[in-house]
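A short worksheet on the structure shown next.
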Amino acid sequence: MCGIVGYVGNKSPKDVLLEGLKKLEYRGYDSAGVAILNGDRFDVYRAEGKLSALSEKLAPVRFSGRIGIGHTRWATHGMPTEFNAHPHKVKGISLVQNGIIENYAELKEELLEKGVKFSSETDTEVVAHLIALQMDDSHDLVAAIQSVIPKLRGAYAMLVVSESEPETIVAFKAGPPLILGVGEGEILLASDVQAFIDHTNKAVYLDDFEIVKVKGAHYEVFSLDGITLKKPVVALDLASEKSDKKGFKHYMLKEIYEQPRAVANALTPYVDIENKRLSFDSLGMQGAPTPKEHLQALANCKRIYIVACGTSFYAGLYGKYLIEPIAGVAVDVDIASEFRYRDPVLEKNAVAIFVSQSGETADTLAALRLAKEKGLTCLSICNTKASTIDREADLHLYMNSGLEVGVASTKAFISTLSLFNLLALYLAQSKDLLTEEEETRLVDGLLALPSLMEACLAYDTYFKEAAQELTNYKGFLYLGRGHSYPIALEGALKLKELAYRHAEGYAAGEMKHGPLALIDQGMLIIVICPRDKFYEKTVSNLEEAKARGGVVFSIGSGDDKQLKSISKHYLGIPEAPWMTSGILSVIPVQLLAYHLADALGHDVDQPRNLAKSVTVE
Ligand code: F6R
5 MCGIVGYVGN KSPKDVLLEG LKKLEYRGYD SAGVAILNGD RFDVYRAEGK LSALSEKLAP
65 VRFSGRIGIG HTRWATHGMP TEFNAHPHKV KGISLVQNGI IENYAELKEE LLEKGVKFSS
125 ETDTEVVAHL IALQMDDSHD LVAAIQSVIP KLRGAYAMLV VSESEPETIV AFKAGPPLIL
185 GVGEGEILLA SDVQAFIDHT NKAVYLDDFE IVKVKGAHYE VFSLDGITLK KPVVALDLAS
245 EKSDKKGFKH YMLKEIYEQP RAVANALTPY VDIENKRLSF DSLGMQGAPT PKEHLQALAN
305 CKRIYIVACG TSFYAGLYGK YLIEPIAGVA VDVDIASEFR YRDPVLEKNA VAIFVSQSGE
365 TADTLAALRL AKEKGLTCLS ICNTKASTID READLHLYMN SGLEVGVAST KAFISTLSLF
425 NLLALYLAQS KDLLTEEEET RLVDGLLALP SLMEACLAYD TYFKEAAQEL TNYKGFLYLG
485 RGHSYPIALE GALKLKELAY RHAEGYAAGE MKHGPLALID QGMLIIVICP RDKFYEKTVS
545 NLEEAKARGG VVFSIGSGDD KQLKSISKHY LGIPEAPWMT SGILSVIPVQ LLAYHLADAL
605 GHDVDQPRNL AKSVTVE
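Numbering follows our numbering, in which position 174 of the sequence shown is assigned residue number 178; successive positions increment by one, without gaps.
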């Protein structure tokens with residue numbers, strides 16, 4: 005993962021790099037560093053911990069140069085210490101990397117045999133040594149990099165500066181994103197346009213195995229074999245996304261509160277609000293015309309593959325529970341890291357859907373490329389516009405959730421669920437399974453969601469008060485049937501990643517097949533049990549757990565006396581139609597994880613060991 009940023013221009017590189025890194029901190033936050041020209045040297049400053057530690061260290065430092073590179077790290081090779089932080093400097097070469105060099109051990113062995121000494125445990129330092137050695141022969145940074153790239157295996161984006169060419173940054177990539185920002189008399193490079201959008205909206209997206217040389221306010225892009233490439237400069241229609249807690253204790257809590265608005269923003273572009281009808285005419289990229297042949301493929305498809313990771317995968321699973329019964333289209337849901345390597349047999353004329361908040365998740369992107377290679381129409385559901393997954397898909401649905409800062413995804417998840425509701429209806433409509441009256445009634449039901457969600461936010465106080473008691477449980481079992489099952493999985497994931505307690509999501513009917521053995525007083529059973537067709541079966545499963553001493557926390561519909569009688573804790577979500585009840589039950593499970601983590605004193609917005617954009621496998 006990691007975030008990288010580079011700057012050449014007339015502003016203070018220290019300020020520009022720190023601002024850029026702040027915007028990229030979601031990509032990693034265990035250490036950070038910069039290399040900035042000072043006289044004829046690139047001075048390197050690094051600090052363990054959050055970016056604020058680096059900012060403090062740099063506060064009194066002045067640099068005479070107008071060029072520098074920076075990095076915020078999510079450790080892959082080597083502990084998150086200062087000596088493993090980037091940039092890595094070898095002789096006059098300083099380098100930052102987002103990615104992984106998979107054959108670094110082999111390369112390191114060869115370098116050790118040549119007598120090279122290492123000062124870190126990282127894979128990145130290997131590349132710095134390789135370039136430095138090559139510079140002894142070629143004395144030209146681009147040429148040195150051109151001869152090093154073929155030796156590297158993995159996925160990476162790198163920025164390199166050299167004291168022998170102090171006005172130059174050379175950047176290259178194979179996998180993770182790297183974008184050039186072309187400003188007035190200045191050039192920026194970053195993993196995400198948000199790191200430079202305050203300076204310029206003109207961007208050049210680098211492709212894999214391209215090399216860019218930035219010198220002063222000029223840049224030149226080369227292929228690996230040195231051919232100069234003409235790359236389009238895209239004018240981005242993106243605003244700078246400012247992060248602001250707006251008075252909330254954490255971004256996550258603020259983002260939970262933003263969910264009613266996020267759902268409204270997700271639904272609105274695909275609905276004719278006045279007539280309460282579906283409007284799926286604008287599935288082009290950011291307002292561009294919809295490619296008709298792909299829209300046709302979606303409308304006619306008989307099978308859908310949904311591919312994603314983590315929370316986005318659970319959103320995809322929820323999609324299956326809606327699309328199959330509503331539209332009669334077979335849906336397979338895959339974890340991207342499995343899909344890409346299991347040689348999937350994909351039906352012709354199927355459509356593949358890729359869900360990604362960041363739009364940069366490496367496995368999801370690789371899965372999309374595989375599906376495209378196999379000739380499938382690919383639909384992306386992304387939050388980050390112009391991200392790689394968004395740019396490479398054929399059709400686009402946007403979450404429109406706005407910036408999600410909390411590492412644990414909340415509003416993007418819930419927006420995706422609402423988009424799957426719409427998509428299920430659209431597919432049913434395309435197959436003539438929906439009358440106009442039904443369409444209007446169901447769309448109306450979806451449009452009512454935000455106000456029902458507002459009501460669920462009132463559970464905030466409830467969980468705040470209950471949190472202390474919940475800290476007494478050592479484990480948490482989340483149960484659900486039907487479309488409540490993916491919500492159970494998501495609830496367990498939220499609790500694991502935020503509260504660092506063991507939690508598992510299960511289909512309630514699976515309890516007898518093993519998990520019942522786990523039941524004791526230290527295990528809280530959280531069940532999502534709205535009044536749907538599974539209600540009685542789920543209640544029976546709860547009774548079985550209760551009979552074995554299980555402690556039950558149930559989330560039901562309205563004032564459910566039966567559920568109350570078997571539960572230690574009961575929460576009733578507003579009564580709602582089946583299609584929308586799933587979305588409402590997400591809010592309590594998010595609030596539970598949030599308040600438990602907060603009561604345990606954890607860093608809710610930046611949980612340990614995680615990052616928001618996973619650009620490595
Ligand atoms: C968990 C979480 C992750 C992401 C996963 C995929 O709260 O946020 O599980 O859902 O890393 O990320 P995207 O959606 O950006 O592809």
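Here a beta-carbon is modelled for each residue, glycine too, at the ideal position from N, C-alpha and C.
As the structure is a computational prediction, the values presented were derived from the model and not from experiment.
Beta-carbon proximity check, residue i vs residue j, cutoff 8 angstroms
| i | j | result |
| --- | --- | --- |
| Leu409 | Glu494 | It is Val, not Leu, that sits at residue 409 in the sequence shown. It is not a contact, given that the beta carbons lie outside the stated cut-off. |
| Ala375 | Ala356 | yes |
| Lys498 | Val593 | yes |
| Glu52 | Thr85 | yes |
| Thr128 | Leu99 | yes |
| Glu3 | Gly406 | Outside the shown range of the chain (5 to 621) lies residue 3, about which nothing can therefore be said. |
| Leu399 | Leu287 | yes |
| Ala428 | Leu326 | yes |
| Ile577 | Val555 | no |
| Tyr11 | Ala615 | no |
| Leu21 | Gly7 | no |
| Ala354 | Arg307 | yes |
| Arg77 | Ser35 | yes |
| Thr444 | Arg265 | no |
| Ser558 | Cys533 | yes |
Through-space distance from residue j to residue i, alpha-carbon basis
| i | j | result |
| --- | --- | --- |
| Ala239 | Lys206 | 5 angstroms |
| Lys250 | Lys258 | 7 angstroms |
| Leu461 | Lys253 | 15 angstroms |
| Trp582 | Met5 | 38 angstroms |
| Leu450 | Ala79 | 42 angstroms |
| Ser151 | Ile215 | 12 angstroms |
| His222 | Gly74 | 20 angstroms |
| Lys54 | Lys177 | 26 angstroms |
| Lys500 | Glu167 | 46 angstroms |
| Thr392 | Ser384 | 10 angstroms |
| Tyr463 | Gln566 | 21 angstroms |
| Tyr598 | Val608 | 7 angstroms |
| Leu575 | Ser585 | 14 angstroms |
| Leu321 | Tyr345 | 20 angstroms |
Boundaries (first-last residue) of the alpha helix (DSSP H) holding residue i
| i | result |
| --- | --- |
| Ser419 | 415-434 |
| Val146 | 145-152 |
| Thr315 | 314-331 |
| Phe467 | 463-474 |
| Leu451 | 440-451 |
| Phe343 | 340-343 |
| Thr392 | 392-396 |
| Ala1 | An answer regarding residue 1 cannot be provided, because it is not within the stretch 5 to 621 covered by the chain. |
| Lys206 | Lys206 -> not in any alpha helix (DSSP H); beta strand (DSSP E) instead, spanning 206-209. |
| Ser569 | 565-570 |
Under the three-state DSSP convention, the category residue i falls into
| i | result |
| --- | --- |
| Glu113 | helix |
| Val556 | strand |
| His517 | helix |
| His298 | helix |
| Gln594 | helix |
| Glu278 | coil |
| Ser544 | helix |
| Asp336 | strand |
| Ala89 | coil |
| Asn613 | coil |
| Met527 | strand |
| Leu407 | coil |
| Leu522 | helix |
Limits of the unbroken beta strand (DSSP E) element including residue i
| i | result |
| --- | --- |
| Leu604 | Where Leu604 is concerned, there is no enclosing beta strand (DSSP E), given that its DSSP letter is neither H nor E. |
| Gln361 | No beta strand (DSSP E) holds Gln361; DSSP gives it neither H nor E. |
| Thr172 | 169-178 |
| Ala159 | 158-166 |
| Thr381 | 381-386 |
| Leu258 | At residue 258 the sequence reads Lys, which differs from the Leu that was named. No beta strand (DSSP E) holds Lys258; the alpha helix (DSSP H) holding it covers 255-261. |
| Asp47 | 45-52 |
| Met5 | Taken as a continuous stretch (DSSP letters only), Met5 belongs to no beta strand (DSSP E), as it is neither H nor E. |
| Thr76 | 71-77 |
| Gln198 | Note, Gln198: premise wrong, no beta strand (DSSP E); not H, not E. |
| Ile40 | 35-42 |
| Val186 | 183-187 |
Any non-hydrogen atom of the ligand COA within 7 angstroms of residue i CB
| i | result |
| --- | --- |
| Thr368 | In the structure on display, the ligand COA does not appear, and the ligands it does have are the ligand F6R. |
Does the segment 59-70 touch the segment 87-103, meaning 3 or more C-beta pairs lie closer than 8 angstroms? In the pairwise beta carbon analysis, the segment 87-103 is classified as not touching the segment 59-70: fewer than three pairs are separated by under 8 angstroms.
Examine the Cβ distances between the segment 38-53 and the segment 173-188 and report whether three or more of them are shorter than 8 angstroms. no
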